[in-house]
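Numbering-wise (numbering that gives the first Met the number 0), the sequence shown opens with residue 0 and increments by one.
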Amino acid sequence: MSDFIIAAAQITCLAGNIEVNINRHVQAIALAASHRVNLLIFPELSLTGYEPDLARKLGLTLQDSRLETLRNLAKNHEMTIVVGAPLCCNDGDALYIGAVVFAPDGTLYSYTKQHLHDSEEDFFTAGQGGPQLNVSGKVLGLAICADIGFASHPQFAAEHGAEIYAAGVLVSEPSYLRESEMMRNYAEKHRMTVVMANHCAPTGGWVPAGKSAIWSEQGHVIAVAPANQDAITLARQTQNGWQGQVELLSYQGT
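As structure tokens, this is what we get:
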């Protein structure tokens, strides 16, 4: 039986520059692929940076041709990749804080943030969540930032079979201790592996805490990234339990 490997990527996002940010995603994916990662999670709005006032003009659909690079990498590396982006409806004006899921078979899925901060309501519509997904035989439930502040959210995921609960977030230092403790509690209470992928550089006027982390289903920290360095946090599930590792990222050409 092969190991199952999860990773959380924390990257520096360039405000509103999807091309540069995709390039940084590509390099993070390459590092993850070198570790044979099965599931890679990026932070909230990672393709654009957390820039609500720019989101309307940056909004994507799943049919956007710029996503094709990431779709191909998911297929080539047999990796499920989850990135953050503002998502538009094909048939309306609603704009969501979303996650795009690239499955290894080439299928794209979306998750839309269900719980908005007050400051986000001027720019975005509350979403409807998304499907539970199968990742190498394990059930994945997704979340985006404020979703994790509602205990009913991970509970719903667990009741529907989730073995992994993964959130792309933007968490600042004053909130990090409280929110990381919530995630630890969710892992222990619901017996799920829990993943938090955070930003590590200023974005949208916020100074994130970094420290992307993964917790075991017993609530133990498997690995945690530094506060202010681009990195991937890795958790490898072996026959002997979980093993953690952090790999720092450096970019070429961006």
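A virtual CB, placed ideally from N, CA and C, is assigned to each residue, including glycine.
Counterpart residues of residue i in DSSP-defined beta bridges
| i | result |
| --- | --- |
| Thr60 | Beta-bridge pairing links Thr60 to no other residue. |
| Pro207 | Ser171 |
| Ser109 | Val99 |
| Arg235 | Ile4 and Gln242 |
| Tyr261 | Because the chain here runs from 0 to 253, residue 261 falls outside it and cannot be looked at. |
| Thr202 | Trp205 |
| Cys87 | Leu94 |
| Thr79 | Leu38 |
| Gln9 | Ala230 |
| Gly128 | Thr111 |
| Asn71 | Asn71 is not bridged to any residue. |
| Ala222 | Ile213 |
| Asn133 | Val138 |
| Leu247 | Ala230 |
Rounded separation between residue i and residue j - CA only
| i | j | result |
| --- | --- | --- |
| Asn197 | Asn71 | 24 Å |
| Gln244 | Leu115 | 32 Å |
| Glu50 | Glu180 | 27 Å |
| Phe281 | Glu18 | Since the first and last residues shown for the chain are 0 and 253, residue 281 lies out of range. |
| Cys144 | Gln238 | 32 Å |
| Asp229 | Cys88 | 32 Å |
| Ile80 | Ser249 | 20 Å |
| Leu315 | Leu46 | Given a span of 0 to 253 for the chain in the structure shown, any question on residue 315 remains unanswerable. |
| Trp214 | Tyr175 | 15 Å |
| Ser118 | Gly203 | 12 Å |
| Trp205 | Cys199 | 10 Å |
| Val82 | Gly48 | 11 Å |
| Phe101 | Gly167 | 15 Å |
| Ala14 | Gly160 | 37 Å |
| Asn16 | Gly105 | 25 Å |
| Ala27 | Val134 | 19 Å |
| Leu86 | Leu44 | 10 Å |
| Ala156 | Arg55 | 30 Å |
| Glu120 | Gly252 | 36 Å |
| Leu53 | Cys12 | 14 Å |
| Trp241 | Val193 | 13 Å |
| Thr111 | Met195 | 17 Å |
| Lys188 | Ile96 | 27 Å |
| Arg183 | His219 | 7 Å |
Supposed contact pair residue j and residue i - C-beta distance, whole angstroms, cut 8 Å
| i | j | result |
| --- | --- | --- |
| Pro207 | Val170 | 6 Å |
| Ser109 | Gly129 | 6 Å |
| Asp2 | Gln217 | About 18 Å separates the two Cβ atoms, so there is no contact after all. |
| Ala31 | Leu39 | 5 Å |
| Val36 | Met78 | 6 Å |
| Ile10 | His34 | Incorrect: roughly 16 Å between the Cβ atoms, too far for contact. |
| Ile163 | Met191 | 6 Å |
| Ile231 | Ala8 | 5 Å |
| Gly209 | Ala224 | 6 Å |
| Leu94 | Leu61 | About 14 Å; that fails the 8 Å criterion. |
Counted within 10 angstroms of its Cβ, other Cβ atoms place residue i as buried (16 or more) or exposed
| i | result |
| --- | --- |
| Arg177 | exposed |
| Ser64 | exposed |
| Asn75 | exposed |
| Lys137 | buried |
| Leu247 | exposed |
| Gly58 | buried |
| Pro42 | buried |
| Gly126 | buried |
| Asn20 | buried |
| Pro257 | Since the displayed the chain opens at 0 and closes at 253, residue 257 lies outside it and no answer follows. |
Which parts of the segment 13-37 are runs of the alpha helix (DSSP H), unbroken and 4 residues or longer, counting only runs that do not cross its ends? 17-33
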